[in-house]
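Numbered per the working numbering, the sequence shown finishes at 142, counting up by one with no gaps. Note that the Cβ used here is the ideal one computed from N, Cα and C, for glycine as well.
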Amino acid sequence: MTQAHTNPPASGTASAQVVDLADATTDPLLKLVLQQLDDDQAQEVVTIDLEGKSSIADHMVIASGRSTRQVAAMAQKLAEKVKQAGFGPVKLEGLPAADWVLLDAGDVVVHLFRPEVRSFYNLERMWAFGDAPPVAGTA
Numbered sequence: 004m005t006q007a008h009t010n011p012p013a014s015g016t017a018s019a020q021v022v023d024l025a026d027a028t029t030d031p032l033l034k035l036v037l038q039q040l041d042d043d044q045a046q047e048v049v050t051i052d053l054e055g056k057s058s059i060a061d062h063m064v065i066a067s068g069r070s071t072r073q074v075a076a077m078a079q080k081l082a083e084k085v086k087q088a089g090f091g092p093v094k095l096e097g098l099p100a101a102d103w104v105l106l107d108a109g110d111v112v113v114h115l116f117r118p119e120v121r122s123f124y125n126l127e128r129m130w131a132f133g134d135a136p137p138v139a140g141t142a
């Protein structure tokens, strides 16, 4: 399975490219997050490197689920896996409605969306300064 990964800007602009999950990172937390999302059949997974862009985290992962039920299940399972792996507790926001769930795992922040909500907010464009590929259903 391949994942979309946004590399840090080399010449002032961000560029998105598809990379193999095995080559995605040497960061064990990010690797765990990407693997779990792949196992849970998350859709349109995008990783944005935040180093140098923000102090909130090193990486942001954005993914979609097909329904609120899948988004909630992915969020709960991911939080449990991160804690079991020894990375500490994960802060969850938005779980009751599950249209947009935010997981704060420290160095990795994960946004899980229903497709309609994701296309409305379009976080990829904001964090990649407009150079991210459009989300399905927005172009």
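Contact test: residue i Cβ vs the ligand ATP heavy atom, cutoff 7 Å
i, result
"residue 72", "Summarising the ligand content, the structure contains no ligands, and the ligand ATP is consequently not present."
Boundaries of the alpha helix (DSSP H) in which residue i is found, first to last residue
i, result
"residue 107", "No alpha helix (DSSP H) contains residue 107, which is instead part of the beta strand (DSSP E) from 103-107."
"residue 126", "126-130"
"residue 35", "31-42"
Residues that DSSP places opposite residue i in a beta bridge
i, result
"residue 115", "66, 104"
Exposure label - residue i; buried when at least 16 CB within 10 Å
i, result
"residue 129", "exposed"
"residue 51", "buried"
"residue 25", "With a pLDDT of 48 at residue 25, under the threshold of 50, the modelled position of this residue cannot be trusted; read the value that follows with caution. Result: exposed."
Reference residue i; option with closest CA among the options
i, options, result
"residue 82", "68, 98, 69", "98"
"residue 61", "38, 75, 69, 31", "31"
"residue 67", "57, 96, 47, 59", "47"
Boundaries of the beta strand (DSSP E) in which residue i is found, first to last residue
i, result
"residue 95", "94-96"
Closer than 8 Å to chain B by CB, residue i
i, result
"residue 65", "Of the chains in the structure shown, none is chain B; there is only one protein chain."
- Fully enclosed by the segment 46-72, which beta strand (DSSP E) runs are 3 residues long or longer? Qualifying beta strand (DSSP E) stretches, in chain order: 46-52, 62-67.
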